[in-house]
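Trainee: Residue numbers (the working numbering), protein chains in the order written: chain A, 551 to 658; chain B, 5 to 117. The beta carbon of each residue, even a glycine, is placed where N, CA and C say it ideally should be. Values in this document were obtained by computation on a predicted structure and should not be read as measured data.
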């Protein structure tokens, strides 16, 4: 069974701070995804990658950026956090068959 | 593009009853339909999936049915237990076309003892 790790699990941060949400998987999966989940439960795809050096924007516009320098890691960065970024962020791999536990971000 | 609708948004049942969640999709080219269960504080977990060449699939207490003509698919949970309480998501995609998954809006299932 694949393992996907996300850190931190919870983050409370002030407006204007730069943050990076980490996502890593141990199975060598090429396809990885970031979803934003609002309190209404809906899952919105914000970024995806089909392999190293491949990144694409998802269906929901996001001010975050991602990178894929190594197969195992797919970090998401917010250069300047705002209260509107408060949400749950979920990472997934290989056709969304495996989801990480999520990072709950609160920007004050 | 694909659009997936999911109903109901909330569902309350008594322990032992059956629960049914329904989804419809718009793109006739979609051929892969997974279902996810998300418990509180966790990420979604794939619980069952079905491909368009199959009309029904069962795994213990859960089953999924697919009607390609009507473009709808359903999740059936029998003999519900309190631990089945969670948010359930359906999704659809065209795997051959390498299309991304399109998720439904989720159903919050509450099973009361």
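Assign residue 110 of chain B to buried or exposed, taking buried as 16 or more other Cβ atoms, counted over all protein chains shown, within 10 Å of its Cβ.
Mentor: buried
Trainee: By the three-class DSSP mapping on this structure, what secondary structure does residue 635 of chain A have?
Mentor: helix
Trainee: Please state whether DSSP places residue 88 of chain B in a helix, a strand or coil.
Mentor: Collapsing the DSSP output to three states places residue 88 of chain B in a helix.
Trainee: List the residues of chain A whose Cβ lies closer than 8 angstroms to the Cβ of residue 109 of chain B, in chain order.
Mentor: Under the 8 angstroms cutoff, chain A gives 590, 591, 592.
Trainee: Using 10 angstroms around the beta-carbon of residue 74 of chain B, count the other beta-carbons present and answer buried if the total reaches 16, otherwise exposed.
Mentor: exposed
Trainee: Under 9 angstroms, Cβ to Cβ, is there at least one residue of chain A near residue 50 of chain B?
Mentor: yes
Trainee: At the level of alpha carbons, what is the spacing between residue 117 of chain B and residue 19 of chain B?
Mentor: 5 angstroms
Trainee: Out of A/621, A/635, A/576, A/632, state which residue places its alpha-carbon closest to the alpha-carbon of residue 605 of chain A.
Mentor: A/621
Trainee: Name the chain A residues that come within less than 7 angstroms of residue 58 of chain B, Cβ to Cβ?
Mentor: Ordered by position in chain A, no residue passes the 7 angstroms Cβ test against residue 58 of chain B, which lies about 18 angstroms from the chain.
Trainee: Check the DSSP bridge columns for residue 49 of chain B and list the partner residues they point to.
Mentor: Beta-bridge partners of residue 49 of chain B (DSSP): A/648, B/41.
Trainee: Look up residue 80 of chain B in the DSSP assignment and say whether it is helix, strand or coil.
Mentor: strand
Trainee: Pop quiz: residue 98 of chain B and residue 35 of chain B are said to be a contact at Cβ under 8 angstroms. What is the actual Cβ separation, rounded to whole angstroms?
Mentor: 6 angstroms
Trainee: Decide if residue 44 of chain B is buried, meaning its Cβ has at least 16 other Cβ atoms within 10 Å, or exposed.
Mentor: exposed
Trainee: Please list, in chain order, the residues of the segment 70-98 of chain B that have any C-beta partner in chain A closer than 9 angstroms.
Mentor: Residues passing the 9 angstroms Cβ filter: 91, 93, 95, 97.
Trainee: Can you tell me whether DSSP reads residue 63 of chain B as helix, strand or coil?
Mentor: strand
Trainee: Contact criterion: CB-CB distance below 9 angstroms. Does residue 29 of chain B meet it with respect to chain A?
Mentor: no
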